[in-house]
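A.B. asks: Protein chains in written order, with my numbering: chain A, 1 to 384; chain B, 385 to 696.
Backbone N, C-alpha and C fix where the C-beta goes; we use that ideal spot for every residue, glycine too.
The structure displayed is predicted, hence computed values, not measured ones.
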Amino acid sequence: MSSVHIQNITKSFGKVEVLKDVSLNIPDGEFVSLVGPSGCGKSTLLRIIAGLEQQSSGQIRIDDRVIDNVRPSERNISMVFQSYALYPHLSVFDNISVPLRMSRLNSIQRLPGLRHLLPGARAVEKGIRADVEQVASLLDMKQLLDRKPGELSGGQRQRVAVGRAIVREPHAFLLDEPLSNLDAKLRVHMRTEIAQLHRRLGATFIYVTHDQAEAMTMSDRIAVLMDGELVQVGSPDDVYNEPQDIRVAEFIGSPRINTFAGEIRSDGGVDLLGVPTGLVTDAEAGPAQVGLRPEALRLVPVGEGVFAGTVTHIENLGAELMVHFVNENMERPAIIRLDHIERHRLDVGESIEIDFLPGAVRLFGPDGARVPTEEFMEKQLVNA
Amino acid sequence: MSTHEAVQAGETPSFAAASVRARMRYQLIATMLSAPAIALMFLLLIGPVVAVLLLSFTDWSLGDSDFNWVDMATYQEMVEDDIFWKAIANTLIYVGIVIPGSIILGLGAALLIESVTVGRSFWRAVYFLPVMSTLIAMAVVWEFMLNAKFGMVSQVLGFFGVEAKSWLQEPDTALPALCLIAIWQALGFNMVLFMAGLTSIPRELHNAAEVDGVRSAWDRFWLVTWPLLTPVTMFVAIITAIRSFQVFDTVHVLTKGGPDNATMVLVYQIYQEGFEFFRSSYASALTVVFLGFIFLLTLFKVFVVERKVHYQ
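#1: Does the Cβ of Asp63/A have 16 or more other Cβ atoms within 10 Å, making it buried, or fewer, making it exposed?
#2: Name, please, each residue of chain A whose Cβ falls closer than 7 Å to the Cβ of Ala592/B.
#3: For my contact list, Glu284/A and Ile264/A are in at a C-beta cut-off of 8 Å; report their separation, rounded to the angstrom.
#4: In the DSSP assignment, the alpha helix (DSSP H) including Phe573/B goes from what residue to what residue?
#5: List the residues that DSSP assigns as beta-bridge partners of Lys11/A.
#6: Kindly indicate which residue of Val482/B, Leu489/B, Leu638/B, Glu464/B has the alpha-carbon position closest to the one of Ile622/B.
#7: Among the residues of its own chain, which have a CB less than 8 Å from the CB of Phe251/A, if the five just before and after it don't count?
#8: Consult DSSP for Thr310/A and reduce its assignment to one of helix, strand or coil.
#9: Taking the alpha-carbon positions, what's the Gln569/B to Gln553/B distance?
#10: Taking contact to mean at least 3 C-beta pairs separated by less than 8 Å, is the region 196-206 of chain A in contact with the region 22-35 of chain A?
#11: In this structure, does DSSP put Ser481/B in helix, strand or coil?
#12: Taking only beta-carbon positions, decide if Asp633/B is within less than 7 Å of chain A.
#13: Is Ser103/A close to chain C? Criterion is C-beta to C-beta, closer than 7 Å.
#14: Closest Cβ-Cβ distance between Asp443/B and chain A: below 7 Å?
#15: When DSSP builds the beta bridges, which residues end up paired with Trp453/B?
#16: Does any residue of chain A bring its CB to less than 7 Å from the CB of Leu613/B?
#17: Whole angstroms are fine: how far does the CA of Glu375/A sit from the CA of Thr217/A?
#18: For Arg110/A, which residues in chain B fall below 7 Å Cβ to Cβ?
#19: Go to Glu504/B, then tell me how far its alpha helix (DSSP H) extends in each direction, as first and last residue.
#20: Can you have a look at Ile488/B and say buried or exposed, based on whether 16 or more other CB atoms are within 10 angstroms of its CB?
#21: Ends of the beta strand (DSSP E) at Asp131/A?
#22: Please name the residues in the region 27-57 of chain A whose beta-carbon is closer than 7 Å to at least one beta-carbon of chain B, in chain order.
#23: Against chain A, with Cβ distances strictly below 7 Å, would Asp465/B count as a contact?
#24: Looking only at DSSP bridge pairs, what is Leu321/A linked to?
#25: Helix, strand or coil: which one does DSSP assign to Ala384/A?
#26: Quick one: Cα of Met425/B to Cα of Val434/B, how far?
#27: Going by C-alpha to C-alpha distance, which of Glu315/A, Val248/A, Leu182/A, Ser3/A sits closest to Val66/A?
#28: State the start and end residues of the unbroken alpha helix (DSSP H) segment that holds Tyr655/B.
#29: Below 8 Å, how does it come out for the region 600-618 of chain B and the region 513-522 of chain B: are there three or more Cβ pairs, yes or no?
#30: To the nearest angstrom, how far is it from the Cα of Gln392/B to the Cα of Leu186/A?
#31: Who does Asn258/A pair with in a DSSP beta bridge?
#32: Does the beta carbon of His324/A sit closer than 7 Å to a beta carbon anywhere in chain B?
#33: Consult DSSP for Asn95/A and reduce its assignment to one of helix, strand or coil.
#34: Consult DSSP for Asp603/B and reduce its assignment to one of helix, strand or coil.
#35: Grouping DSSP H, G and I as helix and E and B as strand, with all else coil, what is Val387/A?
#36: With distances taken Cα to Cα, identify the nearest neighbour of Trp551/B among Val616/B, Tyr666/B, Ala532/B, Val515/B.
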């Protein structure tokens with residue numbers, strides 16, 4: 001197992017720049033998710049690491065070895081493809097044994113039919129069988145070894161693809177949206193399975209997904225890519241609680257963060273929809289955006305709220321309730337997350353009042369970058 | 385009403401009678417609607433075959449006003465006819481050379497053209513030219529090329545010290561020369577089919593092979609390309625086989641079955657017996673044998689190819 005270092009990678013297809021100066025160091029044994037909306041360049045970055053695509057500039061290293069001009073087959077990196085890319089004419093056993101046969105048999109022994117005849121090949125083949133069976137039992141699919149991919153369900157195919165990736169001991173595992181072809185229930189299940197597999201193998205995993213929930217639940221660190229740029233890298237908690245860019249804040253978390261029109265006053269105070277928030281900042285005065293997660297908003301009795309709104313829609317998720325509301329100053333409805341116990345108090349069309357903790361506010365400047373804030377009370381105390 | 389309900393309703397006698405009547409009417413309408421198609425099929429497809437089969441049991445010649453049933457006499461004559469066996473042997477040799485020749489070269493051309501980045505459509509057009517041209521016209525060109533004195537083939541071979549020959553007039557080179565022309569002509573067509581097959585192989589499979597440690601084009605061919613081309617290859621083989629069994633035009637233009645029956649093939653013998661010697665019954669018997677071969681090929685296609693080579 002090895003560390004992977006990505007240094008100043010850029011990639012252009014003709015005039016389109018898909019990756020702009022991306023750098024990321026992935027220590028040995030880490031599970032990193034590359035997450036971002038479709039077209040942000042995350043799959044391209046993964047294919048560059050695998051060697052299936054050549055970067056326009058920059059460097060990739062595995063441990064201390066530069067691999068820029070090394071062919072994919074020589075990089076010892078395994079990959080799980082979105083389409084699984086199983087060999088349709090080979091049984092599950094043969095599919096999983098391909099990487100082993102390629103490395104352990106010579107080109108004559110690999111010829112169809114000969115590996116069962118040549119005495120040297122037969123011994124190697126025995127070792128391969130043992131290794132494949134071990135992987136099969138690890139992934140709980142021993143009974144599938146004789147089947148063809150065409151006879152398997154989506155989840156089983158995905159498992160075979162994972163088996164083919166882990167059967168040898170590669171420097172790193174690359175996974176390109178491996179769960180996107182599965183149904184919702186299976187996806188949640190496989191999420192857990194892959195995370196457990198990572199814990200058991202202790203290997204370096206680089207996982208590409210557009211699903212922020214997958215990234216949040218499985219990763220040690222999340223790297224958020226937007227329009228070819230690496231916007232933020234951090235632990236799931238970090239990325240969720242301290243987004244450094246409004247795009248990150250909006251991409252991570254479901255339902256997505258509420259953003260309100262705000263303003264930084266000339267005295268440093270921060271207003272939200274014209275109402276003071278109790279926060280101050282050193283940033284330049286002018287328009288800004290205020291982000292508040294749905295769970296940061298609180299429903300309060302009439303007369304106590306910071307601002308008011310009208311309920312437009314209620315999503316009942318059983319354990320919790322997503323209440324959509326709007327008022328005349330808001331460009332689009334905001335969402336407040338309520339515990340199930342508060343359910344019967346509300347109806348569509350009802351007026352509500354909202355409050356929030358100043359500490360939960362995330363302020364973003366006009367360019368989308370995070371603006372640091374302090375709570376007014378503390379500042380006052382410091383000044384006094 | 386669902387089928388299940390209909391069956392249940394059928395348990396009471398009065399309903400049963402009604403449903404039988406309804407079913408018969410349904411059958412009648414179905415038969416009437418398909419009758420024109422069935423009639424045409426018998427008239428145009430099955431009819432001629434049956435006519436040929438019946439004709440082969442007579443002694444009828446083209447132009448005769450009367451005929452006699454002779455049972456198996458025509459077939460008896462055929463089995464004792466040396467030219468017939470020569471024609472069968474030549475046809476099988478011809479098919480046996482043209483199928484692998486045009487498949488291997490067609491696949492090779494397709495792989496080479498796929499691998500170049502510049503001028504792909506130019507090469508495709510060049511290889512496809514013989515398919516689009518008329519073989520009879522091109523046969524004339526080949527006749528010149530294979531000419532002993534000024535033919536290009538003889539001159540090039542002469543450069544390497546091979547003695548010039550009238551390739552089409554020598555008993556031991558005439559059939560191989562015809563095979564060469566057939567391969568030249570079929571190659572482009574097979575290449576186009578293989579190219580279509582190659583583009584249908586998912587790119588991710590080649591990527592997966594690369595990541596799995598496949599280093600050489602040789603390994604990639606055996607692991608991915610060749611197995612995934614099997615359905616196309618089978619199709620190409622069947623098409624080429626049927627076309628090769630039907631070989632006639634080059635034989636007729638270039639050799640007329642000679643020299644000394646060295647290029648006598650089944651269809652050419654049918655033509656000679658039927659339209660030069662006017663022995664219609666004998667030609668019919670030969671046609672029955674020919675149809676037998678085609679029928680075997682079709683059976684092979686239905687029972688082996690279509691069942692075994694599809695993966696999904």
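C.D. replies: Straight from the coordinates:
#1: As a working note, residue 63/A is residue 63 in the first sequence. The residue in question, Asp63/A, is exposed, as its Cβ has fewer than 16 Cβ neighbours within 10 Å.
#2: Residue 592/B sits at position 208 when you count from the first residue of the second sequence. Ordered by position in chain A, the residues that pass the 7 Å Cβ test against Ala592/B are Phe81, Ala85.
#3: Residue 284/A sits at position 284 when you count from the first residue of the first sequence. Residue 264/A sits at position 264 when you count from the first residue of the first sequence. Yes, Glu284/A and Ile264/A are in contact; Cβ-Cβ is about 7 Å, under 8 Å.
#4: Indexing the second sequence from 1 puts residue 573/B at position 189. Run containing Phe573/B: 555-583, per the alpha helix (DSSP H) assignment.
#5: The residue given as residue 11/A occupies position 11 in the first sequence. Lys11/A is bridged to Leu19/A.
#6: Position 238 of the second sequence, counted from the start, is the residue given in the question as residue 622/B. Here the closest residue by C-alpha is Val482/B.
#7: The sequence position of residue 251/A within the first sequence is 251, counting from 1. Same-chain partners within the cutoff: Val35, Gly36, Pro37, Gln212, Val224, Met226.
#8: Mapped onto the first sequence, residue 310/A falls at position 310. Three-state result, Thr310/A: strand.
#9: Here residue 569/B refers to the residue found at position 185 when the second sequence is read from its first residue. Here residue 553/B refers to the residue found at position 169 when the second sequence is read from its first residue. The straight-line gap from Cα to Cα measures roughly 21 Å.
#10: Output reads yes: the region 22-35 of chain A touches the region 196-206 of chain A.
#11: Here residue 481/B is taken as the residue at index 97 of the second sequence, counted from 1. The residue asked about is misnamed: residue 481/B is Ile in this sequence, not Ser. It is helical.
#12: Within the second sequence, numbered from 1, the residue matching residue 633/B stands at position 249. It does not: the Cβ of Asp633/B has no partner Cβ on chain A nearer than 7 Å.
#13: The question asks about chain C, but that chain is absent: this structure's protein chains are A and B.
#14: Against the second sequence, residue 443/B aligns to sequence position 59. No, Asp443/B lies away from the interface with chain A (no Cβ there is under 7 Å from its Cβ).
#15: For the purposes of this step, residue 453/B is identified with residue 69 of the second sequence, where counting begins at 1. BP columns for Trp453/B point to Thr442/B.
#16: Taking the first residue of the second sequence as position 1, residue 613/B is located at position 229. Not one chain A Cβ lies under 7 Å of Leu613/B.
#17: As a working note, residue 217/A is residue 217 in the first sequence. As a working note, residue 375/A is residue 375 in the first sequence. For Thr217/A and Glu375/A, the gap between their C-alpha atoms comes out near 31 Å.
#18: The residue you call residue 110/A lines up with position 110 of the first sequence. Under the 7 Å cutoff, chain B gives Asp603.
#19: By one-based count along the second sequence, residue 504/B stands at place 120. Sequence check: residue 504/B is Arg here, not Glu. Arg504/B -> alpha helix (DSSP H) spans 504-516.
#20: As a position in the second sequence, residue 488/B is number 104, starting the count at 1. Its Cβ having fewer than 16 others within 10 Å, Ile488/B is exposed.
#21: As a first step, residue 131/A is located in the first sequence; it is residue number 131 there, counting from the start. Taken as a continuous stretch (DSSP letters only), Asp131/A belongs to no beta strand (DSSP E), being part of the alpha helix (DSSP H) at 119-138.
#22: Ala50, Leu52
#23: Against the second sequence, residue 465/B aligns to sequence position 81. Output row for Asp465/B: interface = no.
#24: Stepping through the first sequence from its first residue, residue 321/A is reached at position 321. Partner(s): Asn316/A, Leu338/A.
#25: Taking the first sequence and counting its residues from 1, the one referred to as residue 384/A is at position 384. Caution applies to Ala384/A, whose pLDDT of 38 falls short of 50 and renders its modelled position unreliable; the value that the coordinates give is listed next. DSSP places Ala384/A in coil when its eight states are reduced to three.
#26: For this step, residue 425/B is matched to residue 41 along the second sequence. For this step, residue 434/B is matched to residue 50 along the second sequence. Their backbone Cα atoms lie some 12 Å apart in a straight line.
#27: In the first sequence, residue 66/A corresponds to position 66, counting from 1. Considering only alpha carbons, the answer is Ser3/A.
#28: Working through the second sequence from its first residue, we reach residue 655/B at position 271. Here the alpha helix (DSSP H) through Tyr655/B covers 650-655.
#29: Using a Cβ-Cβ distance cut-off of 8 Å, the region 600-618 of chain B and the region 513-522 of chain B are not in contact, since fewer than three pairs of beta carbons, one from each stretch, lie closer than that value.
#30: In the second sequence, residue 392/B corresponds to position 8, counting from 1. In the first sequence, residue 186/A corresponds to position 186, counting from 1. Residue placement at Gln392/B cannot be trusted, given a pLDDT of 49 that sits under 50; what the coordinates show is reported in the next sentence. Gln392/B and Leu186/A: Cα-Cα distance of roughly 41 Å.
#31: Taking the first residue of the first sequence as position 1, residue 258/A is located at position 258. Answer by DSSP bridge pairing, in chain order: Leu292/A.
#32: Here residue 324/A is taken as the residue at index 324 of the first sequence, counted from 1. Taking Cβ atoms only, chain B never reaches closer than 7 Å to His324/A, which makes this a no.
#33: The count along the first sequence starts at 1 and reaches residue 95/A at position 95. DSSP places Asn95/A in helix when its eight states are reduced to three.
#34: Counting from 1 along the second sequence, the entry for residue 603/B is found at position 219. Secondary structure of Asp603/B (DSSP, three-state): helix.
#35: Lying before the first or after the last residue shown, residue 387/A is absent from chain A, which here runs from 1 to 384.
#36: For the purposes of this step, residue 551/B is taken as the residue at position 167 of the second sequence. Of Val616/B, Tyr666/B, Ala532/B, Val515/B, the residue nearest in Cα terms is Ala532/B.
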